[in-house]
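>
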Amino acid sequence: SYEIHPNQDDNSVTVPENYLKPLEGTKFDSWEFSGRTFLPGDTIHLGESTNEIYFFAVFTDEEYPVAVEPAENGTIEAKDTAIFDELVSVSVNPDPGYELETLTWQTEYGDPVEITQADGNYSFEMPAEAVTVSATFRAIDYTVTAQITGNGMVYVGEREIGNDETATAHYGDAVFLLPDVDYILDD
Numbered sequence: 619s620y621e622i623h624p625n626q627d628d629n630s631v632t633v634p635e636n637y638l639k640p641l642e643g644t645k646f647d648s649w650e651f652s653g654r655t656f657l658p659g660d661t662i663h664l665g666e667s668t669n670e671i672y673f674f675a676v677f678t679d680e681e682y683p684v685a686v687e688p689a690e691n692g693t694i695e696a697k698d699t700a701i702f703d704e705l706v707s708v709s710v711n712p713d714p715g716y717e718l719e720t721l722t723w724q725t726e727y728g729d730p731v732e733i734t735q736a737d738g739n740y741s742f743e744m745p746a747e748a749v750t751v752s753a754t755f756r757a758i759d760y761t762v763t764a765q766i767t768g769n770g771m772v773y774v775g776e777r778e779i780g781n782d783e784t785a786t787a788h789y790g791d792a793v794f795l796l797p798d799v800d801y802i803l804d805d
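Here the sequence shown is numbered in my numbering, starting from 619 and rising by one per residue.
This is the structure we're talking about:
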């Protein structure tokens, strides 16, 4: 308990600072007395009352920042702030020809945050501190296999590949099918 004594001159009290420890993820907001809200330092005039008075502490959820680091070859998106224990969704959007390689969350103190992934959706439970989300994206390897049944050549970039040979290509790489002179491509 915390005792407050009225000022003898005008029977008023000064609202005290908060002395209560908030629960994790909350912060002190104000004091409530007789249905009205007061901040520490406010003065309440009690009039003729000599009854005991009770203040009730009001706590609110504290919002913590969620930072998203820029990534190359894709984007990640999350809300800017979240409250403690809130489920925060993270949207992962690779550029064409790229896929997600890593997705990490870290608190402001360097602690990792557990990542949940279900059906391509990512989320985490907000701790009672700031979180930074980061991702890396890698190029998707596409395998090109040449099936040459006539007269011609297959090129992946500048490399010629023979019948039943394979080469790796990436999004945007050139693949050429070149028939010999006097020949055309057939299904």
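Heads up, the beta-carbon is just placed ideally off N, CA and C, and yes, glycines get one too.
Leaving out five residues on either side along the sequence, give the residues of the same chain with a beta carbon under 8 Å from the beta carbon of Glu-642.
On the sequence shown, residue 642 is found 24 positions in, with the first residue counted as 1. For Glu-642, where only same-chain residues beyond five positions count, the Cβ hits under 8 Å are Phe-702, Ala-746.
> Looking at C-alpha atoms only, which residue of Val-751, Asp-798, Phe-656, Val-710 is the closest neighbour of Asp-729?
By one-based count along the sequence shown, residue 729 stands at place 111. The candidate whose alpha carbon is nearest that of Asp-729 is Val-751.
> With a cut-off of 8 Å on the beta carbons, I'd call Ala-696 and Ser-707 a contact; round off their distance for me.
Here residue 696 corresponds to residue number 78 of the sequence shown, with the count starting at 1. Here residue 707 corresponds to residue number 89 of the sequence shown, with the count starting at 1. The Cβ separation is near 7 Å, so the contact holds.
> Residues bridged to Met-771 by DSSP?
Residue 771 sits at position 153 when you count from the first residue of the sequence shown. Paired residues: Leu-796.
> What residues are listed by DSSP as bridge partners for Leu-718?
Taking the first residue of the sequence shown as position 1, residue 718 is located at position 100. Among the bridge pairs identified by DSSP, Leu-718 is matched with Phe-755.
> For Gly-653, collect the residues of the same chain with a Cβ closer than 8 Å to its Cβ; drop the 5 residues on either side in sequence, then sort them by chain order.
The residue given as residue 653 occupies position 35 in the sequence shown. Here the set comprises nothing.
> According to the neighbour-count rule (16 or more other Cβ atoms, all chains shown, within 10 Å of its Cβ), is Ala-792 buried or exposed?
The residue given as residue 792 occupies position 174 in the sequence shown. By the neighbour-count rule (16 or more Cβ atoms within 10 Å), Ala-792 is not buried but exposed.
> Does DSSP classify Tyr-801 as helix, strand or coil?
Position 183 of the sequence shown holds residue 801. The answer is coil: DSSP assigns Tyr-801 none of H, G, I, E or B.
> Return the CA-CA distance between Ala-736 and Leu-721, expressed in angstroms with no decimal places.
Numbered from its first residue, the sequence shown carries residue 736 at position 118. Numbered from its first residue, the sequence shown carries residue 721 at position 103. Computed Cα separation, rounded: 14 Å.
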